[in-house]
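If you're matching them up, the sequences are chains A and B in order. Counting from 37, one number per residue, gives the positions in the first sequence under the working numbering. Counting from 570, one number per residue, gives the positions in the second sequence under the working numbering. Using N, Cα and C, we set each Cβ at its ideal position, and we do this for glycine too. Since this is a predicted model, take the numbers as computed values, not measurements. Report on one structure; see the data block that follows.
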Amino acid sequence: MASILLDTISVHFSVYDASARSLKKTLIASTTGGRLTTDVKEHVRIQALTEFSLQINHGERVALIGHNGAGKSTLLRVLNGIYEPNAGRVVIEGRTVPLFDMALGMDPESTGYENIVLRGMYLGFSHADIRKRVNEIAEFAELGSFLDIPVKTYSTGMAARLAFAISTAIEPDILLIDEGVGAGDAAFMAKAHRRLEELIARTGILILSSHNETLVRQWCSKAVLLEKGRRVNMGPIDQILAQYHSGLVVQ
Amino acid sequence: MIGPFWITITMGVTIGSIGLIFGTIFGQDLHAFLPFVAAGTIVWTMLATMITEGCTVFVNAESIIRQIKLPYSMHVFRMVWRTLIVFAHNIWVFVAVVVLFAAWPNSTMWLAIPGFFLIVINGIWMALTLAIFCARFRDIPLIVTSALQLLYLTTPIIWLPDSLRGRHAFIYEYNPLYHLLELVRAPLLGQSPTLVNWEVGIILALFGWAFGFVVFARYRWRIPYWI
């Protein structure tokens, strides 16, 4: 059973080796972004998540809603175990798999088949496991004999197809998706969409960060509203989206 | 056809030219000098590569570190493995020199194997520690590169230690990398490494790993924030 528990966690980044002043200017000038403070050593500090608590149980499909810089991506990275928070407690049960950057770990000099193995191993498959799945992945990507030549010769769409096919061949307990997940032409998109839905159906917990409200409503039942690194509200998707929009109007 | 053996050829050309030019300048007997330069350069290249590439391990793996949770040491081991593969190509230059000059090593050459492991063990903690520091301070790689350049010239690799006898010998005797180098080079040339070589190598490994462990335990969680 997959489960997620975040107990009053805080995440902040110190921005080093840039002239603090100019960066401060840049960040304050934009209305988006987290709260800014300056730490003792005069580094600009970005408070990405503040005293954030969250509990998600098996079977829940949760959307993260908020402006750019509200902390959605940071939250996904905490859930993925990449950022250990500065304060607070994280308890995650189950295998977490991220679908952030599809092209991750692709080596342009290697062939399509080699990349399937390489990326599969990055995603946690053993060498033997991924070898067993190579055919299924190759079939889904529909790239035929192109899989025998280096990925650098592929068009952008072809590379995206391959990356998508590998990334979705996983069996996660907790699936984390950031922003648009798309691949290739219209025909392939429809196929990709179906595959993603199947993947989500198999998954214990889905966390989706997206500005595409149609997609969010379609895949998620609950939502968390984030603002400047804080949790504003959590509840049924329609309620949260309504609150998000009312916030937009006020601003 | 040649493929990965371009590595071997490049190393062969380097060793050949250094050996011939410096051997002539210093008036050395090439039968002894070329095997010395070959063994020294190949082993030094391996050690220096682990150190310099160690600096960029985490910075270069940024996109992976920020997306997939993997043990950070994996990125270091990946680099070390690559360095060992390159070494396995380069060592053939030494073999060729040995055959060419009939400079057959004796049974002490087997001592090169424990020495080799000691170099790799030391190389790993150096790479791991530097990888962490360099993730935080981006000017360290430049300092390390300059320092290694200096050490390359002050370590007896392209000149014989005998030429700095007496009161100038401290220049290399206080250089731990020289002792590491000797652990492999001396046996390959048919000599036994000195006790001091072994002591420096082992003590460096023990203290280095203790230091590396503390640094890693303390700063590991900061790595994704820094890169």
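Reference residue i; option with closest CA among the options
| i | options | result |
| --- | --- | --- |
| G124/A | P208/A, L85/A and V268/A | L85/A |
| C256/A | L100/A, G283/A and P121/A | L100/A |
| M678/B | P762/B, A657/B, T625/B and A700/B | P762/B |
| L111/A | V667/B, F646/B, Q636/B and V645/B | Q636/B |
| N659/B | G581/B, F785/B and L757/B | G581/B |
| A174/A | V153/A, T189/A and K188/A | V153/A |
| M142/A | Y190/A, D43/A, E233/A and H229/A | Y190/A |
| I717/B | D731/B, Y747/B and L729/B | The sequence shown places Leu at residue 717/B, rather than the Ile named in the question. When each option's Cα is compared against that of L717/B, the closest is Y747/B. |
| I82/A | G95/A, L41/A, E96/A and S46/A | S46/A |
| F686/B | W767/B, R647/B and H737/B | W767/B |
| L764/B | F702/B, W778/B, G684/B and G735/B | G684/B |
| S715/B | G609/B, T610/B, T593/B and I620/B | I620/B |
| A223/A | F176/A, L41/A and R169/A | F176/A |
| F780/B | I701/B, M643/B and F739/B | I701/B |
| T192/A | N248/A, P134/A, P144/A and T250/A | P144/A |
| I705/B | F574/B, W650/B and I796/B | One detail in the question is off: residue 705/B reads as Arg in this sequence, not Ile. Comparing Cα-Cα distances from R705/B to each of F574/B, W650/B and I796/B, the minimum goes to I796/B. |
Cα-Cα separation between residue i and residue j, rounded to whole angstroms
| i | j | result |
| --- | --- | --- |
| Q254/A | F782/B | 48 Å |
| L261/A | K108/A | 9 Å |
| F776/B | G160/A | 34 Å |
| M194/A | L179/A | 7 Å |
| G148/A | L183/A | 4 Å |
| S39/A | G130/A | 7 Å |
| G759/B | W661/B | 17 Å |
| Y641/B | R267/A | 30 Å |
| R197/A | I576/B | 35 Å |
| T579/B | S245/A | 50 Å |
| R231/A | M648/B | 36 Å |
| E207/A | I587/B | 56 Å |
| F670/B | D598/B | 11 Å |
| W790/B | P730/B | 44 Å |
| D209/A | G95/A | 10 Å |
| V126/A | H737/B | 58 Å |
| I688/B | G770/B | 8 Å |
| I634/B | F49/A | 16 Å |
| L773/B | D214/A | 45 Å |
| S632/B | L140/A | 7 Å |
| H281/A | G102/A | 10 Å |
| L211/A | W778/B | 37 Å |
| I712/B | L135/A | 38 Å |
| F595/B | V170/A | 59 Å |
| V799/B | M138/A | Here chain B covers residues 570 to 796 and nothing more, so residue 799/B does not appear. |
| W673/B | V645/B | 35 Å |
| I243/A | E742/B | 59 Å |
| N675/B | A657/B | 21 Å |
| L589/B | S732/B | 17 Å |
| T132/A | Q91/A | 15 Å |
Close beta carbons around residue i, own chain, < 6 Å, minus the five adjacent residues each side
| i | result |
| --- | --- |
| V612/B | L750, V753 and R754 |
| A106/A | L262 and E263 |
| T44/A | E87, S89 and G124 |
| A681/B | V753, P756 and L757 |
| V252/A | A99 and S246 |
| C703/B | C624, I709 and P710 |
| G592/B | L599 and F602 |
| E622/B | M648 |
| I128/A | I40 |
Contacts around residue i, its chain only, beta-carbon distance under 8 Å, and the 5 residues preceding and following it disregarded
| i | result |
| --- | --- |
| R707/B | V628 |
| R113/A | Y119 |
| G271/A | K258 and A259 |
| T610/B | M580, T583, I584, I587, I726 and I727 |
Same chain, Cβ closer than 7 Å to residue i, five either side skipped, listed in chain order
| i | result |
| --- | --- |
| N744/B | L720, T723 and T724 |
| S146/A | L154, P186 and V187 |
| P793/B | I634 and R635 |
| N93/A | S39 |
| A630/B | H644 |
| A608/B | F663, R754, L757 and L758 |
| N269/A | L261, I276 and Q279 |
* May I have a chain-ordered list of the beta strand (DSSP E) segments no shorter than 3 residues that lie completely inside the stretch 120 to 199 of chain A? => Under the rule that a run must span 3 or more residues, the beta strand (DSSP E) segments found entirely inside the stretch 120 to 199 of chain A read 123 to 129 and 132 to 135.
* Asked: Counting Cβ pairs closer than 8 Å, one from the stretch 606 to 624 of chain B and one from the stretch 688 to 696 of chain B, do we hit at least three?
  -> yes
* To do: Taking only runs that begin and end inside the stretch 593 to 681 of chain B, name each unbroken alpha helix (DSSP H) of 4 or more residues, in chain order.
  => 599 to 629, 631 to 634 and 641 to 670
* Ordered list of alpha helix (DSSP H) runs contained in the stretch 693 to 747 of chain B, each at least 4 residues -> List check, alpha helix (DSSP H) in window: 709 to 723 and 739 to 742.
* Asked: Are three or more beta carbon pairs between the stretch 193 to 202 of chain A and the stretch 146 to 160 of chain A nearer than 8 Å?
  -> yes
* Kindly confirm or deny that the stretch 655 to 672 of chain B and the stretch 599 to 609 of chain B touch, where touching means at least three C-beta pairs closer than 8 Å. => yes
* Asked: Between the stretch 161 to 170 of chain A and the stretch 270 to 285 of chain A, do three or more beta carbon pairs fall short of 8 Å?
  -> no
* To do: For the stretch 784 to 793 of chain B and the stretch 695 to 702 of chain B, state whether three or more C-beta atom pairs, one from each stretch, are separated by less than 8 Å.
  => Short answer: they touch.
* Enumerate, from N- to C-terminal direction, the unbroken beta strand (DSSP E) stretches of 3 or more residues contained entirely within the stretch 233 to 259 of chain A. => 241 to 245
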